[in-house]
Amino acid sequence: MTPSGPLRIGVDIGGTFTDLVAFDGATGALSMSKSFTTPSDRTDGVLEVLVEGGVSLGDVSQFVHGTTTATNAVVERKGGRVGLISTAGFRDTLEIMRINRERHYDLQWASPVPLVPRRLRFEAIERVDYRGRVVTPLDAEALAATVAQMRAAGVESIAVCFLFSFMNPIHERQARDVISRVWSEVPVSISSEILPEIREYERSSTVVIDAYVKPVMGTYFENLERRLASGGMSCGVTVISSGGGIVPVAEAKATPVRTLQSGPAGGVIGAAHLGEQSGYPNLLAIDVGGTSFEVSLIEGGVPARTTEGFIEWGIPFKIPLVDVKSIGAGGGSIARIDPGGLIQVGPDSAGSEPGPVCYRKGGALPTLTDAYVTIGLIDPSYFLGGRVQLDAGAAREAISDQIADRAGMTVTEAALGIVRVAEASMVGAMRIVSTQRGYDPRDYAMIAYGGAGPVSAVELARELGVGTVLVPRFPGAFCAFGGLCADIRFDFVRSYLRRMEELDLDALMTLSEELIAEGGTAMNRIGVTAVPIMQFTADVRYSGQNFEVNVAFPPGPVTDATIERVIDNFHAEHLRLFGHHKEDEALEFVSLRLAVIAATEKPEFTPPGPRGSPEPKGRRTLFSSSGQVVDAPVFDRSSLGVGWALAGALIIEEPDSTVVVRGVNDSTIIDDLGNIVVSVAESG
Amino acid sequence: MIDRVTLQVIREGLVALCRSMGHALSRTAYSPIFSEGFDFSCALFDGTGEMVAQAEFNPVHLGSMPYTVEWTVKEIGLNNLDEGDVVLHNDPFRGGTHLTDFTMMAPVFYDGRLVAIPAVRGHQIDVGGSAPGGFPGDATEIFQEGLIVPPVKVYRRGHPVQDVWDLILANIRVPKIVHGDFRAMFGSLKVAERRVQEYCRKYGPDTFVEATDEIKNYSERRMRAMISALPDGTFEADDVLDDAGTTLDPVRVTCRLTIDGDTITTDFTGSDPQVQGPINATYGVTASQVYTVLFQVSDPDMPSNHGAFRPINIVAPAGSVVNAESPAAVFGGNVETSSRIMDVLLACFAQAVPERVMGGCFGTCQNFTGGSWHPELDEYSIIYVYHEGGWGGRASGDGLTAQINPVGNDMNQPVEIFESRFPWLYEEYCINENSGGPGYNRGGLGIRQRMRALSASSSINLIADRFRHPPPGTNGGRSPLPSAGGHYNDFRVKLPDSEDFVHATEAFGTVSPSKFAGQVIARGTVVENTTTGGGGYGDPLDREPERVATDVTGGYVTAAAAESEYGVILRDDHSVDSEATQATRSRLRQKAE
């Protein structure tokens, strides 16, 4: 896995574009290219972007891949035909879900279609109780007959989820043995391996997603490997995992659920790495594309993590994840005058098809992007470096018809209003995310990427009280860059539900040894010989609570002192997260987690050297955040070198993004790594 | 005057603030009702006690929270609210719903001026009274239902009023859990306080207060615009509750809806007088249903605040089952009568805008509660299980299967969480097959849960309904068929020494099969809760035969019902026998004429 040759490649497949970032180890040069994503066979887009970037596959020493293929398979319901086996009496868990609905008052709302239809949901006679004791032994004979039935029904992939398998996996393991005995070829996913955690619906959903995308992902990865190899690439493909590490493609094929959100995770890893290097270890990372707005938090150079994600409302997957919260806004968010006479932006989006009005692909409703174009935040003739011509007139007309006329405003007022309302709802959503995680945005710098991120970032930062905004090089392809910064990483978890005063230290010690062994095995399997980093954490809660707080668990022998540290860590973290704690309250230990990490060599790229004081390529009228009309200079980013600095409102354009600084009191520099760094004044 | 972009920025910000309150609450709560179930609501009121913003957590709290805060302000007086005060309150006859729903509120001051009152309402797992976990199905007056807490300060200038806390917690069976949940509620008020003060700093308190006023005016305009788009007219509907628990007589709820320009009147005159049983609804409960249904049929995204309620006139005679007076028992009013109020309102709107409503819902929350000693955890524990069921078919498609009653939007408690905490073992939790009302768009299906008691002795309570009167269909759709036990929604037990499931009337000798309290069962008893599906929408004989075939293959509809209700004849492999289907359908159509 250690890069042997000079060329390291990161490729990220997004909804609209497939991005490539190449790092030449010999020269330190970093380059970027883009091509359109090809939904019918996404490997086409990968091959195209390699050609676009002039990459000779024979020179490639490392290929890191982030992809949304698994997510798309679920969203489009194009996965394999899964058969699910549940504990007898519980085959409908997948359809009953959590009995709530996404929209409170909408009587026409439709709940998500289960990934496994009822006729392919089967049951096994077995039962384990809450302490992991066998209540009813697994009826293997009946199960064998069920498997034959599944085979006859055309099942391509089997998922198994039994109640309390996270406390005692014996029946799930026996079931897997029975399946492989009577039908050895069928892929099997068992819940106790993928997610040994409490809550049967979430666990079922996760194991079903794994089984559902397995056939699709297998085909996709094999196809990709074959095409790259026949193009002359000799190194293996590695894939960014949801947890923000990289794993060999074989691991991704075996447990594809762990590659969900792999692209966004790459971006956050890149942000963390760049932040550390630039002196900003605490970062709020925002990734804004045409249809999405994603927020993550990085503290002390370490991305915040979670264990729950959603593919769509009601379809959760619970795996170790870099915490990327999608807050459903973006350039495609539609603006309208609501029945009460106020401007409303979103939550619906024109997406990339038909997209904003200015794309001229059939969109008739004005969007945030149309507002950006109308007030000059985006140059219609330089979108994607001029690759796509935007129709500013059409955008203006739509805003005039749909917003300005109806509200009695000028077009400019309406467009400014759309931008302000959209930015306010982004800020509101970011605040909710911050409440959930209990941090204060003012303690952080912001890093902005994705095509649309740098347009609004400075204003969002001002509103949140964030003092610094960082825009990295190639913000539009940043997720592809991030993959090159990722370490090899595996995450493991074991449930161990006990009140703190009833902990069996020996049992806990055994558990930690098991996890270490498991981590060692995984690293050996992929050929890592160096001693990996082992990071233990524990999930702890007040006895009786239902949600846990993840805290550091000291390494080494498990003693009373270990537990005392864990308790201290918990109280401190609970106070930080929720603003209160209660030291005399009893605690419960819930699970032990282990991250096994093998560090990789990070790209040390050469930033563009000093270029003096270039002339702006033009000037544009901007409305500053305090409402003043400003004549702002427009620069081409490639003309700006390290050390460049300028005060006041300005625009910096590059082919994949536009950085807009709207504050007359802000100041902007290019730092030693080539990042644009904006000091955000309290009042713009 | 405040410009409308700033107004929208603040308005959306205040809704986000209420959502933040809820997230803080759910993450720190003790009982699964909060953290898993989300049975709570968060709202922001202005300095005069009128609601300006609310987050979408639980609709049944929607309309009643304003009355609670209003009442508190009236009773305590705005001048008597100091910085650092927190008021707690659960009295149904002072704007509340039922005794387990506690509202906590705190004034927020900026520069000494009262600018806002955030409030949070949550369902506490126990409130004393005769039934562990609440819901005594045999109560005849509120004093049996638990501890009544009128608006009292539980924090005074930042300090807890220990005497009051002690008094409240001494009346609760599980004080540690309830106290923990109160702390979580308190924490969420603190989240709101910080944000309100930030707004005042940023925009100035005058602009903030002006914005809260204008937000109400905005919602009023929006609501009037939506009402104007509805056809004018008067529409009437009535329905019944099975019984009041203490007798078997049906209890009538009736509504006359008048849409007139940009105002609406819902007149419940003619509904039965309040009854000697726990199904009386307070005014707040009735108002909640009116607002909820109006949001459902007009604008599901309507920003909920005081202004939205102004164009709505509610006539609910005092002393009736839809506006009960003390000392009426009210526990089930919030969950059962509320459902029936929603049913009659939707039936009225079905005549005005059929494409916007749905067939009748399963129409109960089927609250099953109980208390028992956990033999292994060695502690007293209380369960509170509400049950989901099927919703009616609608113009856009089949009804929703296994959904919480539309009066709420709570989540269920996972079996694994439940069993880790309580001495019960689930034997089954599945879809109640064949329970959807037949229709061109079928009603969604209900569910069935069976759980075995593991404690030596458990005391159990039930408040449920629509056992004997099924949900109606709409637009030619039909009511569901009865469930296996003979009722629509149903409750049965299998006693340890028996092979058969029997109704509570037989097992315990209760008056009502759907409402009782304090029945003691032994270890090994299996409890079965069943819910029915929703009513159908449109004529089932028009449903495409392939859709019926898919339902049969999936086990949602039996082959027998496919024939008798839909007139669809399937071969052994579930393919449609078109000829036989045509013949059967024309025969059924003739019969219907």
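For the protein sequence lines, the chains are R and D, in the order given.
Residues in the first sequence are numbered from 1 upward in steps of one, following the working numbering.
Residues in the second sequence are numbered from 1 upward in steps of one, following the working numbering.
In this text, a Cβ means the ideal position worked out from N, Cα and C, and glycines have one as well.
Note that the structure is predicted; figures quoted are calculated from it, not measured.
Residue ranges of each beta strand (DSSP E) run of no fewer than 3 residues wholly in the segment 468-529 of chain D, ordered along the chain?
490-494, 515-522
Those runs of the beta strand (DSSP E) which lie wholly inside the segment 187-268 of chain R and span at least 3 residues
188-190, 237-240, 246-248
Considering just the uninterrupted stretch of the alpha helix (DSSP H) at Leu143 (chain R), what are its terminal residues?
140-152
Does the distance from the CB of Gly446 (chain D) to the CB of Thr531 (chain D) come in under 8 Å?
yes
Quick one: which chain R residues come within Cβ less than 9 Å of Gly473 (chain D)?
Ordered by position in chain R, no residue passes the 9 Å Cβ test against Gly473 (chain D), which lies about 15 Å from the chain.
Figure out for me which residue from R:Asp379, R:Cys485, R:Asp401 has the closest Cα to the Cα of Arg685 (chain R).
Because chain R spans 1 through 684 in this model, residue 685 (chain R) falls outside it and cannot be assessed.
Tell me which residues share the same chain as Arg394 (chain D) and place their Cβ nearer than 6 Å to its Cβ, disregarding the 5 neighbours each side in the sequence.
Met358, Tyr537
C-beta atoms of Cys430 (chain D) and Arg91 (chain R) nearer than 8 Å:
yes
Quick one: grab the DSSP three-state call for Met97 (chain R).
coil
Which chain B residues are close to Thr292 (chain D), counting only those with a beta carbon under 8 Å from its beta carbon?
Among the protein chains of the structure shown, namely R and D, there is no chain B.
Output the residue ranges of the beta strand (DSSP E) runs that lie fully inside the segment 451-512 of chain R and measure 3 residues or longer, sorted by chain position.
468-471, 488-499
Kindly indicate the opening and closing residues of the beta strand (DSSP E) around Thr258 (chain D).
251-260
For Met51 (chain D), report the span of its beta strand (DSSP E) as first-last.
51-54
For a test of the three-state rule: what should DSSP assign to Asn90 (chain D), helix, strand or coil?
coil
Amino acids of chain R, ordered along the chain, whose beta-carbon sits closer than 9 Å to that of Asn412 (chain D)
Ile96, Met97, Arg98, Ile99, Asn100, Tyr201
In chain R, what lies closer than 9 Å to Ile2 (chain D) by C-beta?
Result: empty, since nearest Cβ-Cβ is about 12 Å, beyond 9 Å.
Mark Thr68 (chain R) as exposed unless 16 or more other C-beta atoms lie within 10 angstroms of its C-beta, in which case mark it buried.
buried
Excluding sequence positions up to five away, which residues of its chain have a Cβ less than 6 Å from the Cβ of Ile9 (chain R)?
Ala22, Val60, Phe63
Enclosing beta strand (DSSP E) for Arg448 (chain D) [first to last residue]
447-453
Does DSSP classify Val629 (chain R) as helix, strand or coil?
strand
Contacting positions in the segment 125-147 of chain R - beta carbon closer than 9 Å to chain D:
Arg127, Asp129, Tyr130, Arg131, Val135
If we define contact as Cβ-Cβ less than 8 Å, is Val5 (chain D) a contact residue for chain R?
yes
Ser458 (chain D) versus D:Asn412, D:Gly509, D:Glu506, D:Ile383, residue with shortest Cα-Cα distance
D:Ile383
Ala691 (chain R) vs Ala392 (chain R) beta-carbon contact at 8 Å:
Residue 691 (chain R) lies beyond the residue range present for chain R, which begins at 1 and ends at 684; the question has no answer from this structure.
List, in chain order, every chain D residue whose beta-carbon is nearer than 9 Å to that of Ile13 (chain R).
What Ile13 (chain R) touches in chain D: nothing, since even the nearest Cβ is about 32 Å away.
State yes or no: is the beta carbon of Gly13 (chain D) nearer than 8 Å to at least one beta carbon in chain R?
yes
DSSP has Gln344 (chain R) in a bridge; who is on the other side?
R:Arg336
Minimum Cβ-Cβ distance from Gly351 (chain R) to chain D less than 8 Å:
no
Cross-chain neighbours of Val421 (chain R) in chain D, by beta carbon under 8 Å:
Val5, Gln8, Val9, Glu12
Does the distance from the CB of Arg593 (chain R) to the CB of Asp539 (chain R) come in under 8 Å?
yes
Same chain only: Cβ atoms within 6 Å of Ser35 (chain R), ignoring 5 sequence neighbours per side:
Thr18, Gly45, Glu48, Val49, Glu52
Give a yes or no on whether 8 Å exceeds the smallest Cβ distance from Ile168 (chain D) to chain R.
no
Within chain R, partners of Tyr218 (chain D) - CB distance below 8 Å:
Gly340, Gly341, Leu342
For the structure I just gave you, are there three or more beta carbon pairs, one from the segment 419-427 of chain D and one from the segment 467-487 of chain D, closer than 8 Å?
no
Amino acids of chain D, ordered along the chain, whose beta-carbon sits closer than 8 Å to that of Asp92 (chain R):
Ala402, Tyr429, Cys430, Ile431, Ile447
Using the C-alpha atoms, what's the distance from Val295 (chain R) back to Ala304 (chain R)?
11 Å
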